[in-house]
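Trainee: Residue numbers (my numbering), protein chains in the order written: chain A, 1 to 449; chain B, 450 to 898; chain C, 899 to 1347; chain D, 1348 to 1796.
Note that the Cβ used here is the ideal one computed from N, Cα and C, for glycine as well.
Protein chains: 4
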Amino acid sequence: MGDDEGAVIPKRLPSLESLTVEQLGTASLPSPLIQRGQRFTDEAHRVLLSPFAHHLEEWLARNEKPPSFEPAGPRRNLYFPPDKVSCGIVTCGGLCPGVNDVIRSVVLTLRNGYGVRRILGFRYGYAGLSSQRHEDPVFLEPDELKRIHQHGGTILGSSRGPRDLGDMVDTLLRWKVDVLFTVGGDGTLRGASALWEETAKRGLKISVIGVPKTIDNDLMWVERSFGFATAVQEAQTVIRAAHSEAEAAWNGIGLVKLMGRHSGFIAALATLTNGDVDFCLIPEVPFTLHGQGGFLEALDKRLEERKHAVVVVAEGAGQRLLSEANMEERDASGNIRLEDVGLFLKHEMGQHLTSRGEDFTIKYIDPSYTLRSLPANSMDSSFCLVLGQHAVHAAMAGRTNMMVGFWNYAFTNVPLQVVVGERKQIDPEGELWQRVLGATLQPTSLVGR
Amino acid sequence: MGDDEGAVIPKRLPSLESLTVEQLGTASLPSPLIQRGQRFTDEAHRVLLSPFAHHLEEWLARNEKPPSFEPAGPRRNLYFPPDKVSCGIVTCGGLCPGVNDVIRSVVLTLRNGYGVRRILGFRYGYAGLSSQRHEDPVFLEPDELKRIHQHGGTILGSSRGPRDLGDMVDTLLRWKVDVLFTVGGDGTLRGASALWEETAKRGLKISVIGVPKTIDNDLMWVERSFGFATAVQEAQTVIRAAHSEAEAAWNGIGLVKLMGRHSGFIAALATLTNGDVDFCLIPEVPFTLHGQGGFLEALDKRLEERKHAVVVVAEGAGQRLLSEANMEERDASGNIRLEDVGLFLKHEMGQHLTSRGEDFTIKYIDPSYTLRSLPANSMDSSFCLVLGQHAVHAAMAGRTNMMVGFWNYAFTNVPLQVVVGERKQIDPEGELWQRVLGATLQPTSLVGR
Amino acid sequence: MGDDEGAVIPKRLPSLESLTVEQLGTASLPSPLIQRGQRFTDEAHRVLLSPFAHHLEEWLARNEKPPSFEPAGPRRNLYFPPDKVSCGIVTCGGLCPGVNDVIRSVVLTLRNGYGVRRILGFRYGYAGLSSQRHEDPVFLEPDELKRIHQHGGTILGSSRGPRDLGDMVDTLLRWKVDVLFTVGGDGTLRGASALWEETAKRGLKISVIGVPKTIDNDLMWVERSFGFATAVQEAQTVIRAAHSEAEAAWNGIGLVKLMGRHSGFIAALATLTNGDVDFCLIPEVPFTLHGQGGFLEALDKRLEERKHAVVVVAEGAGQRLLSEANMEERDASGNIRLEDVGLFLKHEMGQHLTSRGEDFTIKYIDPSYTLRSLPANSMDSSFCLVLGQHAVHAAMAGRTNMMVGFWNYAFTNVPLQVVVGERKQIDPEGELWQRVLGATLQPTSLVGR
Amino acid sequence: MGDDEGAVIPKRLPSLESLTVEQLGTASLPSPLIQRGQRFTDEAHRVLLSPFAHHLEEWLARNEKPPSFEPAGPRRNLYFPPDKVSCGIVTCGGLCPGVNDVIRSVVLTLRNGYGVRRILGFRYGYAGLSSQRHEDPVFLEPDELKRIHQHGGTILGSSRGPRDLGDMVDTLLRWKVDVLFTVGGDGTLRGASALWEETAKRGLKISVIGVPKTIDNDLMWVERSFGFATAVQEAQTVIRAAHSEAEAAWNGIGLVKLMGRHSGFIAALATLTNGDVDFCLIPEVPFTLHGQGGFLEALDKRLEERKHAVVVVAEGAGQRLLSEANMEERDASGNIRLEDVGLFLKHEMGQHLTSRGEDFTIKYIDPSYTLRSLPANSMDSSFCLVLGQHAVHAAMAGRTNMMVGFWNYAFTNVPLQVVVGERKQIDPEGELWQRVLGATLQPTSLVGR
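(1) Name the chain D residues whose beta carbon is nearer than 7 Å to that of Ser1280 (chain C)?
(2) Go through its chain and collect everything with a Cβ distance to Glu348 (chain A)'s Cβ below 8 Å, but skip five positions before and after it.
(3) Start and end of the beta strand (DSSP E) containing Met402 (chain A)?
(4) Going by DSSP, which residues form a beta bridge with Pro928 (chain C)?
(5) Taking the Cβ atom as the reference point for each residue, do Ala758 (chain B) and Gly799 (chain B) lie within a distance shorter than 9 Å?
(6) With Glu1369 (chain D) and Thr1747 (chain D) assumed to form a contact (beta carbons below 8 Å), what rounded beta-carbon distance in angstroms separates them?
(7) Is Ala1140 (chain C) close to chain B, meaning its C-beta is less than 9 Å from at least one C-beta of that chain?
(8) Hey, does Tyr1012 (chain C) have any beta-carbon neighbour from chain D nearer than 9 Å?
(9) What number of angstroms, rounded off, separates the C-alpha of Leu13 (chain A) from the C-alpha of Thr490 (chain B)?
(10) Establish whether the CB of Ala1474 (chain D) and some CB of chain A are separated by less than 9 Å.
(11) Between Ala1595 (chain D) and chain A, is there a C-beta pair that is closer than 9 Å?
(12) Closer than 8 Å is the cut-off here; do at least three beta carbon pairs connect the stretch 223-232 of chain A with the stretch 1467-1480 of chain D?
(13) Spell out the partners DSSP gives Val496 (chain B) in its beta bridges.
(14) Given Ser913 (chain C), which residues of its chain have a CB within under 8 Å of its CB, disregarding the five upstream and five downstream residues?
(15) Return helix, strand or coil for Asn112 (chain A), following the three-state DSSP convention.
(16) Can you give me the C-alpha to C-alpha distance between Leu33 (chain A) and Gly113 (chain A), rounded to a whole angstrom?
(17) Taking 9 Å as the CB-CB cut-off, is Arg1347 (chain C) touching chain B?
(18) Find the residues of chain C that neighbour Pro1398 (chain D), judging by a C-beta separation of less than 7 Å, and give them in chain order.
(19) Check whether the Cβ of Gly187 (chain A) lies closer than 9 Å to any Cβ atom in chain D.
(20) Decide yes or no for the touch test of the stretch 211-219 of chain A against the stretch 85-102 of chain A: beta carbon pairs closer than 8 Å, at least 3 of them.
(21) Please report whether the beta-carbon of Thr889 (chain B) lies at a distance below 9 Å from any beta-carbon of chain A.
(22) Can you find the residues in the same chain that come closer than 6 Å, C-beta to C-beta, to Ser535 (chain B), ignoring five residues on each side of it along the sequence?
(23) Could you tell me whether the Cβ of Thr1369 (chain C) comes closer than 9 Å to any Cβ of chain D?
(24) Give me whichever residues DSSP pairs with Cys1178 (chain C) in a beta bridge.
(25) At which residue ranges does the stretch 807-893 of chain B contain complete beta strand (DSSP E) runs of 3 or more residues, listed in the order of the chain?
(26) Give the DSSP bridge partners of Ser1554 (chain D), in chain order.
(27) For a contact meaning CB atoms closer than 7 Å, what does Gly935 (chain C) contact in chain D?
(28) Ile1613 (chain D): which of D:Phe1758, D:Gly1785, D:Leu1718, D:Asn1724 sits nearest, CA to CA?
(29) Do Glu1488 (chain D) and the ligand GDP come close, with the Cβ less than 8 Å from some heavy atom?
(30) Would you tell me roughly how many angstroms separate the C-alpha atoms of Ala698 (chain B) and Phe1309 (chain C), rounded to the nearest one?
(31) Using CA atoms only, rank isn't needed, just tell me which of C:Glu968, C:Gly1150, C:Val1106 is closest to Leu1086 (chain C).
(32) 9 Å is my cut-off, CB to CB: does Pro1035 (chain C) come that close to chain B?
(33) If you measure between the beta carbons of Leu156 (chain A) and Val106 (chain A), is that distance less than 9 Å?
(34) Do you know whose CA, among C:Leu1251, C:Val1239, C:Arg1138, C:Gly1051, lies nearest Asn1149 (chain C)'s CA?
(35) Reducing DSSP to helix, strand and coil, say where Thr1128 (chain C) ends up.
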């Protein structure tokens, strides 16, 4: 197969049933979009999960319907009455270019598209849905959001970690929220799903709609996530700086740590588009430091040849090499707290070169906070616009417990349960990684013997 | 359906036969990529033309195979012996961010991947294949191309227009070229197809492989073309300038002309991601100037409300309004020579406001040459890298008379005949255009009565 | 002498008397800045006009005091009572990066520094002081101006051209304005001086303070003007585009017109910092087109050698070559309306090369509106901040009919009459121009025989 | 006084004698620049050290000549014969935007201006002049340097720290170097002076010319140093990121460390041009953390009011607060090794807020390596061009033991002894710092009781 970001069809394909999106009840109200001549999404249509004919034939041979997604898009009939529905939006997790674009798009679509009046912004992530934080939500008005997409960050604030579900649902009730849009990554979406279950348990008719946010580009069923392109673009400046630093010193090493907790897409793409990177280390491809065939041996050889080297490492790479003890810790979101692989590599390279009696200089750059706080570039910005619109379309039609996906170049409605179970990663035997190896000319394996 | 750039499945679907790629002969040589552990594309696989289940069911109901593309990618068996094959590359038409990336990728893949020795760069487009221009091709070496992707333009030069086919084939023979990579748009690919037919007529075994280049993003079966994202990004700076100019003057009008001869994708996407545009005019959506419901009436109303307006116009918009006489002329490529719609609109708006006795200022900006001469951004750059690799894979396997496509997020091998016949355009009733209308709040129709 | 922008000490040096700034009356109120520990400018201090010892000795030999400026800066004693004074600000002429920075600085200094309450922004330049335009001024509050410096243009709007003086003074009286800050160039400052004279004639005690704005960097006694650095920086992108276009075509010519009505500083500095420019044409250095030694002959030679050329031309260059008839026209500001030298050169080069039977391509880029609408870069932005502060300091102390200058790296108070009489230009025999000649390797003279 | 970067006339003024530049011998060869119509610097001219009339009067009252600098610039008579002289160039210390511009300018001026043939580039700073590092110098040719100014870093490499003087002089002799250009800061210039003394002791006629390089802008008699403007510009991106991070979290603190070992110019200017900074901490202005009136109290108050804060700290600020023990260490250049004040502040703020039971988030960004590795912006780039030219002019005329300075907006020749003795710093009672206080609204003093 051939795609530029190396995402693969997962081995364990979800069934057609598991891809059916939950619906709060009958959607019978006419959409106000009819008046502006909107074309609506045909409820009978489906987006195939795999665009490959041979996959299709396998399903047909088994006399099964091939798995497919519900297409995203505006529906002719709505579940919620636009003039009465009350909507909330919350942004969670780390910053990512484009969050303000999503907020703006959701609010503009609700107000200008559907005529929704009451739109609440909960502050500081799920913490803003907790009764412990006495910070009231703000009422969002289109006019105030006019230029927020030109600035990074999130005007609503964010936080990490889950909160008490019952308490959060109480907050939604207190503020009379019928629809909650949650913008976030894996943990946030898991929280959204749990929140929905809590509302369902209580017999509430609340729509919970996820908007996928992952600068690492590691969510399943999202071919490309917003903020990723911006991060890769700006990583160029940093890698060029590392290259300048490396070239300017005898045995100069420029070491850049890029985002990528479990998936090395940013590191890989930044490496591909740069041309000066000598080593790219990602979570999906294990490596060792010492011994024949290990990273340090390869580094020695590169320094020998060129007197400098540029190393790009994803933050989640080489975790096995870090002490087991530290891996126990978990950060507030429940993610495994990663050691700083950059500082670790800097230290190990330093020790190694010192032990060899070499003169050397290592410059370590960690641009993470700068990259994730940028305004979205145009590509990401327009993507956010559409994500926000589709989130609103889905909510108004009464969908819930779902996320807006992007697959086969089509926007889709995806049940949360098939998103949170899996992770999109680089296939170490796939095209993308082979391209990286071709670009860096690093050894195919850095696992020493 | 839901996609961010509004491309639609064309009404007239090509048949499976017409999607079969031409092959010069049996590919029986083992690929040298085997040694580096490359996974190869399975010859039995196909990429469906439509990812929609309901399209599929229509085909199956008719007992026909759904149309599908050959996936791009490296093949286990080659037609050309890498150590003996001689390759040429030519870049044609207007500049576009990323052309140097493609050249670099083709050369690096040929040399570092396959071990091809003889790689010729023909200068100044098809003119360099003509015997009239006494400019010899240059031999391309990877070392010299190390940083060319950081600069805009094309190191090979370019030109427009067709040349004598026989003469061009003679040149290929004189330089012993077995494979010709042509980087260009609609006209260039038409030329490539004609060139291949001429070689076939003479019984020559020459592979002609197209790499799609269209900053307008208007080639069929190419979901996203390189240079497009860079152009949209940089158009922001210009539109913001136009907005500043407009706001700073009483009845200030900022008028920006963007590229888009037949398709308004750049204008539409730039409008969406900006937020300050009041009117977006594209070739696909006709408009009139005068009378009730026409553009000037809407402009008056906007100026009345806000005292300034920003107008984005694609270069091919409003052609019907320009004098018939001038439409006869054709530029060197055979394209219809367009009048400058920007100057035309500036003049018409000026006359109209003068006749109304209004004080006004119009600032007209045409950034075309600056946008198209930029280096590619990361997204475009990595896309070019892959396009170049797939072009080489196809050529080495003996494919010919084809272009590398990108459809359903998969890279494909597409016969040239199904590319040059059609054009990708914005559907005036589709999602993309509805988004633009929502962003500008311009009237749904600007065709006056 | 040696400075990087080539400004020279003018031949006709002003006398000490002409450099004495007008004062509305006795300044006897204690400055509120005393409370925050401000150090005040010593009224006895002066900034020498020339920093050269030999100039000094000439004056001393003649037993005369060397001419010097009053230093800008906060005074211990004020003329206006901060709690009662009413201030107005107006921005005139073409856009320039940094105007919003100046507005913000003036308002913040008035309010936060001095505690001034009533600050009016007149809309659309001097037109906003005219009774004919029924657009009331706006009250400016610091909170609303928080981020205006991150955007180009001017939030107040602008216009060109003078208005009726009596009418403007009436408007000032109607709005009870005691201090008027005028941000603008040569024409604006001339207007400010006339306005002050009109108030003086009527016996009014109104302070008129100019803030020099000239993207061309052509005001006398201003070593560096805001917006200039930003414009030169961004001109690089355009010149690189022109270079890419030129290189990509057989006999490709990239032609860039940059701002510079009477002084070629932008063209010269942009040429120096680029390295790819082959010809730089400025108003101060005449040239001819035809004949031996003319521009076209030099162009032919350059094309012969390199097959492409990059030409940078200041908008005011080569005016003598344009038809006399057109030079009669004047634009609204009373400036001589210049023909577009870019279109003229494009046409002349085209005719010349056509007549020689050459194949060629000329790409003409005019980025003026984009450059002047940018937000200021840091250097310009901090310069604007200080200009605004000094304008306020001067006004509060009762100075009038003056402009804030920058000379010998010191900020100064400069009487308007010594500013408007002269123009800062590039000395064709000075260092700056010699550097340009060294960078382009163009002939020392392009005046043909 | 009024200048935008707050440099002050030092209290201890150098005498006229100490400002006299060393000359290797009689300059009697005619300059080849005569042929291209160059105007030469008049040997009788001098640039006053102070441009203030009252300073002048003090000197005159004492019947002394006011101290003044020799102006930089081309001389009519040369000491070295251009066709025989052999020149070397070495770049030392940390990276700084513009070093490649200086190299390019020196080489182009030597070759294209004077016709010098033999130009050597010593690799990796003074280490390249040491016999211990077996890395031969490279011969520099203008053609190879064409685009180096578009890239950051230094093509020659760099290193820190002094080397054995005798050994270095031996290297100069071995390579027959008559002129050595050293590009570097305080330590480098001190080394250059020592090197010259060693050559003088041996009776050698070697010219040693310094080009001032300090991204911190802290060299005396250099009003503005190259790389500084670029660093301040790019610091904006980082501070905006810190602001986005801070705003997005409950009690969010964005902490940015900027370059400035002994002088806080970068921190101060970046703060001024940003508008979002709440605290600016620099080496020149002491502060304490704890107690009434200390930094942490002020921080609490700011968080109370705004729920977030942005802190910019110069790397050399607050050194007194760091443990005495660590201050003993010295880095390779002999500079005091500074503790990382950023990590220190992050830790102290964290402890303080934790002890108060506050929920908070601190994001610490250190962009130093990225800022210093950028290509120079236009302003810096053209400044480098002129510095390089003047370095060459001085060397060819036989000047030695000097540096090219920039004072009163004029380029000067400055004896090294008056440079290395002093440091340019921000005056805590001067205008610049008052502006910073006005911009941040931080308390005038952060020294707690």
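Mentor: In brief:
(1) Within 7 Å Cβ-Cβ: Asp1351, Leu1616, Leu1619, Thr1620.
(2) If we look at Glu348 (chain A) and ignore the five residues flanking it on each side, its Cβ neighbours are Leu289, Leu296.
(3) That run of the beta strand (DSSP E) goes 402-407.
(4) Note: Pro928 (chain C) sits in a beta bridge opposite C:Asn975.
(5) No, they are not a contact pair.
(6) Correct: roughly 5 Å between the Cβ atoms.
(7) Using a Cβ-Cβ cut-off of 9 Å, Ala1140 (chain C) counts as an interface residue toward chain B, since at least one Cβ of chain B sits closer than that to its own.
(8) Answer no: the Cβ-Cβ gap between Tyr1012 (chain C) and chain D never drops below 9 Å.
(9) Taking C-alpha positions only, Leu13 (chain A) is separated from Thr490 (chain B) by approximately 21 Å.
(10) Yes, Ala1474 (chain D) counts as interfacial toward chain A.
(11) Among the residues facing chain A, Ala1595 (chain D) is included, as its CB has a counterpart in that chain under 9 Å away.
(12) Contact between the stretch 223-232 of chain A and the stretch 1467-1480 of chain D is absent: fewer than three C-beta pairs spanning the two stretches fall below 8 Å.
(13) DSSP, once it has assigned bridges, lists A:Phe52, B:Phe518 as partnering Val496 (chain B).
(14) Its chain contains Pro965 as the residues whose beta carbon lies nearer than 8 Å to that of Ser913 (chain C), once the 5 sequence neighbours on both sides are disregarded; these appear in chain order.
(15) Helix, per DSSP.
(16) Leu33 (chain A) and Gly113 (chain A): Cα-Cα distance of roughly 7 Å.
(17) False, the Cβ-Cβ gap to chain B never drops below 9 Å.
(18) Here the neighbours are Val945, Leu946, Pro949, Asn1306, Ala1308.
(19) Interface residue (Cβ-Cβ distance to chain D less than 9 Å): Gly187 (chain A) is not classified as such.
(20) Enough Cβ pairs lie closer than 8 Å, so yes.
(21) Not an interface residue.
(22) Counting only Cβ-Cβ distances below 6 Å, and skipping sequence neighbours, we find Arg567, Lys625, Val626, Asp627.
(23) Chain C is shown from 899 up to 1347; residue 1369 (chain C) falls before or after that span and cannot be answered.
(24) C:Val1210.
(25) Whole beta strand (DSSP E) segments, 3+ residues: 810-814, 851-856, 859-864.
(26) The bridge partners DSSP lists for Ser1554 (chain D) are D:Val1526.
(27) Those are Thr1791, listed as they occur along chain D.
(28) When each option's Cα is compared against that of Ile1613 (chain D), the closest is D:Leu1718.
(29) Inclusion of the ligand GDP in the displayed structure is not the case, the ligand content being empty and no account of it being possible.
(30) About 31 Å.
(31) Looking at the sequence shown, residue 1086 (chain C) is not Leu but Thr. The residue with the shortest Cα to Cα distance from Thr1086 (chain C) is C:Val1106.
(32) Judged by the 9 Å Cβ criterion, Pro1035 (chain C) is not in contact with chain B.
(33) No; because the gap between Cβ atoms is not below 9 Å, this pair is not in contact.
(34) Cα-wise, what sits closest to Asn1149 (chain C) is C:Leu1251.
(35) Three-state DSSP puts Thr1128 (chain C) in a helix.
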